[in-house]
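Report on the following structure.
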Amino acid sequence: MTMSDFDLINADLAGPEGPRNAFSRDAKPGDELTGDIIGAERRHRTADGKPLFWVNRKPSPVEAGEPVIDSVLIFQTTAEEDANDDGQRYLRLDRDVKVALNKALAAAGVNAVAPGGRLEGFAFLSKAAGGSGRVYGNGKYIPPAA
4 MTMSDFDLIN ADLAGPEGPR NAFSRDAKPG DELTGDIIGA ERRHRTADGK PLFWVNRKPS
64 PVEAGEPVID SVLIFQTTAE EDANDDGQRY LRLDRDVKVA LNKALAAAGV NAVAPGGRLE
124 GFAFLSKAAG GSGRVYGNGK YIPPAA
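Here my numbering is used: the first residue of the sequence shown is 4, the next is one more, and so on.
What follows is the structure in structure tokens.
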């Protein structure tokens with residue numbers, strides 16, 4: 004999906020910090036994401052406010068390689084953690100998320116997400132064996148009404 008200039012501007016306007024991470028580092032097994040897809044972005048990954056670059060096949064703040072670019076889906080949820088929470092959450096499409104999301108898409112009989120589609124009960128289940136990565140699942144994708 005190609006993002007227009009308006010999509011990019013609206014993503015910047017989504018809040019003082021933008022949408023919150025659906026599954027942050029502090030996510031606990033059983034945490035879920037349910038919401039409607041309202042946007043998509045490709046963004047330069049950062050750590051501690053510094054942009055990351057690929058150095059020796061690992062993300063690094065050293066500007067020596069290609070930028071680390073993430074694809075994210077933005078969801079409108081009913082979550083409300085504090086007075087400034089607009090309910091928007093982003094889901095970074097890393098390897099582990101893609102595996103589980105593709106299973107939800109296949110179960111829905113589609114091969115792609117679309118604006119207005121809904122993801123229900125997409126959960127962080129556990130850390131992967133060996134501690135490298137995460138296991139997600141249980142999500143149900145509902146395509147937008149035609």
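Glycine is no exception: its CB is placed at the ideal position from the N, C-alpha and C atoms.
8 angstroms CB neighbourhood of residue i in its chain, flanking five on each side removed
i	result
Y93	G21, P22, R23, N24, A25, E44, V75, L76, I77, F78
A107	L122, F125, G142, K143, Y144
A115	L108
Same chain only: Cβ atoms within 6 angstroms of residue i, ignoring 5 sequence neighbours per side
i	result
P62	L55, V71
G112	none
G119	P147
A30	F127
A117	P147
V138	L128, S129, A131
G136	D99
Cβ neighbours of residue i in the same chain (closer than 7 angstroms, five flanking residues each side left out)
i	result
A82	D88, G90, R92
L95	Before going on, a small fix: residue 95 reads as Arg here, not Leu. Answer for R95: D73, V75, listed in chain order.
A67	F56, V58
Those residues which DSSP pairs with residue i across a bridge
i	result
N24	Y93
E44	V75
P54	T49
S135	According to DSSP, S135 bridges with nothing at all.
L122	G38, Y144
K101	Bridge partners of K101: none, in fact.
K61	V58
Burial state of residue i, where buried means 16 or more other Cβ atoms lie within 10 Å
i	result
V65	exposed
D99	buried
V102	exposed
P19	Only weak support is given to the placement of P19: the predicted model assigns it a pLDDT of 49, under 50, and the question is left unresolved by the model.
G42	buried
G133	exposed
Three or more beta-carbon pairs under 8 angstroms between the stretch 45-55 and the stretch 126-142, yes or no?
no
Q. Pairing CB atoms from the stretch 33-41 with CB atoms from the stretch 115-131, are three or more of them under 8 angstroms?
A. yes
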